[in-house]
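Chains as they are written, first to last, in this note's numbering: chain A, 1440 to 1886; chain B, 19 to 728.
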Amino acid sequence: MLRQFAPDIRCDGTSRRGALQIGALAGLGIGLPQLGSQARADQSNRRPAKNCILVWLDGGPSHLETFDLKPEAPVEVRGPLEAISTAVAGVSISECMPQLATRMNDLAVIRSMTSPLGEHNLGTHYLLTGYRPTPALDYPSFHAVANFQLGQSQSVLPNNIAIPEYRLGGARYGGAGFLPKEFGPFSVGGDPAKRDFEVRDLSIADGLTLDRVSRRRSFAEQLARWNSSESANKGLNASLDQAFQMVSSPTATAAFRLDEEAPATRKRYGAKSIGQSCLLARRLVERGVRLVTVNNRGWDTHESLYTRLKEGYTGAKVGVGLIPSLDIALSALLDDLKRSSLLDETLVVVMGEFGRTPKINTRGGRDHWPRVFSVALAGGGIRGGQVIGSSDSVGESPKDRPVTPADLVSTIYTLLGLDPSTELRTSDGRPVRMGADTADVVTELLS
Amino acid sequence: MLSLLSLALLINESAATPVDFDTQVMPILTKAGCNTGACHGAAAGRGGFHLSLYGSRPDRDYEAIALALEGRRLNRRDSAASLLLQKPTEELNHEGGTRIDLDGSDYQTLKQWIELGAPRLGQRKLTGFRIVSSTRVVHDLQQPVQLSALAAFDHGSEQDVSGWTVFTPEDSSSVTVDHTGLTKVNRRGRHIIVTRFLDRVEAVELIAPLEESAATPHEQTTNGPIDAFVEQKLFQIGLHTAHAADDFTIVRRLFIDLTGRLPAPNDAIAYSTDTPVDKKERLVDRLLASREFTDFWTFRLAKMLRVASTRRNAKAMQAYYVWLHAAVAQGVPFNQMARQLLLGEGAVLENGPANFYAVTADARAQAEFVSRVFLGIRLQCANCHDHPLDSWTQDDYHGLSAIFARVKRGDIIRVTQSGEVIHPGTGEPALPRIPGQRYLSVSRQSTPEASGTERDHRTLLTDWVVAPQNPYFARSTVNRMWSHLMGRGLVEPVDDHRATNPATHPELLDWLTQDFIDHGMHLRHTIRQICLSDAYARSSTADQSMPEFYATAIPKPMMAEVFLDAVSDVTGVADDAEGSSVRAVSYAGLTLDSRALTLLGGCTVDDSCESAAVDADDLSVQLHLLNGAVLNHRVTHADGYLRTVLASEMAAKQIIETFYMRVFSRLPNEAELGFWTHQFPSRDKATAFNAVAEDFVWSLLTSEEFAMNH
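Structure representation (structure tokens):
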């Protein structure tokens, strides 16, 4: 199949308009010395984020138990968890996130996310693409678009990796949309928290040698040449090409070896899947992988929310549920990225497909609620220590500054130095904007 | 009624003309977007104000606007101070922004309606709605097209309602429509615009032919109605057809499509050297009569009908499969198969079709399952609200569910006198209803003496579903056949038939449907018709930019199961290294928990998945083909075909030719033969020779030519 793409983007990854926008907005930066036009010029040259780690809380995390607690609300709304104060005066978050509370200066929380889509697959599509699903077109995720626009890294690793599997929000969404599949996510296919973790099919098959792998490659290339038409030389299938490269590269295989990390480090991230996945995400980013999705399942808490979110198992003395595990994993990730000076160029986005109903249901859980929910961001040059927007007194609707998933995705593009108005082309030549034309960038986030 | 109307007219004689709520106020709100799912049309409303989705329930909306909160939304004394006007004009803070222009005529209409006391006159009823287009074929993209929406009312003549009609292009980057219906087409091809006025939706098709070839008339073939319809459309769009595929390609295509297997080398050679003019017809008939056809099409239907669903024990599912296999083998007409399934009851272990009720979770899931597989429609939207793009209502959804609510699911499927589903709109048990047709009982109390009533409901439903007059059953069935064989449905997706998703070739779909009915709803008949068309027999070219016109064959990736079986056949090794050696296309294959299949794209039967193909663009798939057991284990197997060949004295040239026939169903050309022969070392270097042979076979099996039915 013939595919052509003509991204309207400059070689350095920033379109002209994108650079101008960032420059204009940076002038409004608060907390920076105002040096007039000089500062603006410097700011406009600010390097955009290069990497993006998405921590996906699959199933839809409760905003009322994580980032948007309502201690003043009636008990059926307030729920079982308490709010604690954070390093930022006036901002409180869940009692299950004491570590993140001390790192609040690095975090920005949007409490007024709003979407009309309360079904897993539909909500996931909207959050990941910035477009509501339509039968006419399969949209790419922001990770796939960024992969397509940012260009290849020097690494032989795939640029877009999901840990353990890219099965988000009902798993009906593949990630690449109308972009060629190779820009979509590669699932490592194993849980890094398991003792026998390895990447599915990355070790060379028994009986094969590297010489034979390279011979197979040359055979496959020849067959691809013959199968091309005179007009279009398809070349080797890009995914097969990548498979050959990865298998043949010692550094690629070593990237996944978590036992190279000190035991203390592994412990710091927590033994749960989300912890070891965040650790692997850090290793991958350090090795030039630009886009990582950590998929943490289990947030669809229709029942027993207290046990699942806080305790982990009924009667636990120390909570090891979903939120405490997120707390230590994300804190360790932010600390390490900061230490290696990667945090400024690595945007971290923490979200799920929607929030949960304001009232606790009869099974001690909360159901789907897309009308208002929270998203947290860190790194990547965002301005931390702030809360953007708010929900009403019971966490039912946005009270002010509503932010749609379309707005969020366009903001992520902007933070990555990509102009949301850039047009992509589908395989049949149709131009489609990266960000929806109705979207507004959340300018408060840009530092 | 008449007196009320004249009264209203009388009152207003001195003042302004009356404003009808249902046909004048409602369209303004719809056009302004007030009742969309993102705004007040959401199931829970928005900001405490709830309207029915796209205005499907004017009575409830009238209540919400004029009566709720003691009429606080309207100010009859100072009409301009009404919330209904101040919110959408943003005189008061409105989350949805400005929807209605203060200076516009819509504002005046609403204002006038309030001033007249905000009555619900019921003046007139919409009786018809149609779209008139200045042209349906757009040659000059610079030239806009005017779409006009015409509404007919029971009192008076047709009226232009373009200003209150919502125009939504299916692809907004290809077509733009302004609020008056002025339309600009930006790309060449076929475009659909969905239009909505009150509760009517209508799809408009615009064709923008290709510039360069627009003037070249097409040569009409005389092969039959299918080709006449396809070529008529090709002529309209200005596409040239690819030449006919060669014999080797045709024989391979037919074998894979009809039997899920590659042709044996002898079959391929025999066909290519055969001379009779009707050799294709003979081959199609031979394949249709084969055991392999029965196995493969049973497998396809089994996936759709959820045979081997994990919800049930294996013995019950085997009974389901055995019944289905026998039905396909005997050529039972599809309407009879559907009848037996819809009326299934009895012990699931003995009575195959009873399992049709055992593979869903509850009555609602059953209603969605039935409407998807037998009607080709997606009824699930109508669970929570009336279907926004079709005529299905919540009454239809819950009414159909109510028919199934009295079917007891267990080891014995029984129809009982109790069981109901609650209609979320009324909070009451839903009345059994044939969707879009009629209620089966007027009250929800079923009288004790009417025993057997509920069984009768299923019978009445079944009679309606499988009747030749049913507008969905035969149509969605032939469309599925077409999609399996041609790589794309005339209606796409195949389970989404609705007025707003029109077929690419409506006349062809009508013809196929009628032909299917006229010939007794035999699947083999329609399959044969399609396979013998010229459209089916074209070669597949590199340019696949407008596949929906069938100018070239659409290459179809093999189903994961077919791919796996083909690898087994080529290598002569069925054993998959996971301890199983069953054919994937079989009952055992349906229940197989195979890592390779899951990776290659096998899908779970609990979703009625109809085809999942091997995805060559997936890095995980390619890594598995390179390092996993699926190919390596089979290619190198001690009892495999390659080992046998290597143990013989066969020369490199013969090995190459043999595997080309086995894998590609053709012989290598000179360049290919030259390249490969050059790769093999001399025969006495056995280890090196064998390794090259393995890598040669491996590379053929990972090539696109093998993985696609092209």
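Note that the Cβ used here is the ideal one computed from N, Cα and C, for glycine as well. Model, not experiment: these values are computed from the prediction.
Contact of Glu1621 (chain A) with chain B by beta-carbon distance below 8 angstroms involves Asp635 and Leu637.
Within the stretch 1624 to 1657 of chain A, the residues whose Cβ lies closer than 7 angstroms to any Cβ of chain B are, in chain order, Phe1625, Ser1626, Gly1628, Arg1639, Asp1640, Leu1641, Ser1642, Ile1643, Ala1644, Gly1646, Arg1651, Arg1654 and Arg1655. Asp1867, Arg1869, Pro1870 and Val1871: these are the residues of the stretch 1860 to 1872 of chain A whose beta carbon lies less than 7 angstroms from some beta carbon of chain B, given in chain order. Interface annotation, His696 (chain B): not in contact with chain A, CB-CB separation never under 8 angstroms. As the crow flies, the alpha-carbon of Pro453 (chain B) is around 45 angstroms from that of Thr267 (chain B). Those residues of the stretch 1674 to 1693 of chain A placed with their C-beta closer than 8 angstroms to a C-beta in chain B are Asn1676, Ala1677, Ser1678, Leu1679, Gln1681, Ala1682, Phe1683, Met1685 and Val1686, ordered along the chain. Annotation note: the stretch 213 to 301 of chain B contains the following uninterrupted alpha helix (DSSP H) runs of length 4 or greater, listed N- to C-terminal: 243 to 255, 265 to 277 and 283 to 291.
Around the Cβ of His343 (chain B), a 10 Å sphere holds 16 or more other Cβ atoms; the residue is buried.
As DSSP reads the structure, Asp1839 (chain A) sits in a beta bridge with A:Ser1829.
Residue environment for Glu1883 (chain A): buried (at least 16 other C-beta atoms within 10 angstroms of its C-beta). Cβ atoms of Lys671 (chain B) and Thr654 (chain B) stay farther apart than 8 angstroms, at about 22 angstroms. Cα atoms of Asp264 (chain B) and Thr570 (chain B): separation of roughly 13 angstroms, rounded to the nearest angstrom. For Pro1844 (chain A), the closest Cβ of chain B is not nearer than 8 angstroms. Under the Cβ distance rule, Arg271 (chain B) does not count among the residues neighbouring chain A, no pair being separated by less than 8 angstroms. Taking the Cα positions, Glu133 (chain B) is about 14 angstroms away from Arg90 (chain B). At least 8 angstroms separates the CB of Gln1538 (chain A) from every CB of chain B.
Membership of Ile1851 (chain A) in the alpha helix (DSSP H) is indicated by the continuous run Pro1844 to Leu1854. With respect to the C-alpha of Glu675 (chain B), the residue from B:Ser192, B:Ser666, B:Met668 and B:Leu685 having the closest C-alpha is B:Leu685. Within chain B, the residues placing a beta-carbon under 7 angstroms from that of Pro1597 (chain A) are Leu637, ordered along the chain. Under DSSP, His209 (chain B) shares a beta bridge with B:Leu224. Judged by beta-carbon spacing, Ala356 (chain B) lies beyond the 8 angstroms limit of Val512 (chain B), meaning their Cβ atoms are not closer than that value. With respect to the 8 angstroms criterion, Ala1583 (chain A) and Ala1632 (chain A) are not classified as neighbours on the basis of their beta carbons. Cβ atoms of Leu1496 (chain A) and Ser1531 (chain A) stay farther apart than 8 angstroms, at about 20 angstroms. In chain A, no part has a C-beta under 7 angstroms from the C-beta of Arg506 (chain B); the shortest such distance is about 14 angstroms. Here Pro1597 (chain A) is actually not in contact with Gln1661 (chain A); their C-beta atoms are around 25 angstroms apart, not less than 8 angstroms. DSSP places Tyr1612 (chain A) in the coil class of the three-state scheme, outside both helix and strand. Within the same chain, and ignoring the five residues on either side of Thr477 (chain B) in sequence, the residues whose Cβ sits closer than 8 angstroms to its Cβ are Leu361. Straight across, the Cα-Cα distance linking Arg1872 (chain A) with Ala326 (chain B) is about 43 angstroms. DSSP places Ala1601 (chain A) inside the beta strand (DSSP E), whose first and last residues are Asn1599 to Ile1602. Any Cβ of chain B closer than 8 angstroms to the Cβ of Asn1800 (chain A) would place that residue at the interface, and such an atom is absent.
In this structure, the alpha-carbon of Leu1679 (chain A) lies about 10 angstroms from that of Glu1621 (chain A). With respect to chain B, the C-beta atom of Trp1738 (chain A) has no partner C-beta closer than 8 angstroms.
For Pro1555 (chain A), the nearest CB of chain B lies under 8 angstroms from its own CB, placing it at the interface with that chain. By the C-beta density criterion, Asp38 (chain B) is buried, having at least 16 other C-beta atoms within 10 angstroms. The three-state secondary structure of Leu1647 (chain A), taken from DSSP, is coil.
For Trp182 (chain B), no alpha helix (DSSP H) run applies, since DSSP gives it neither H nor E.
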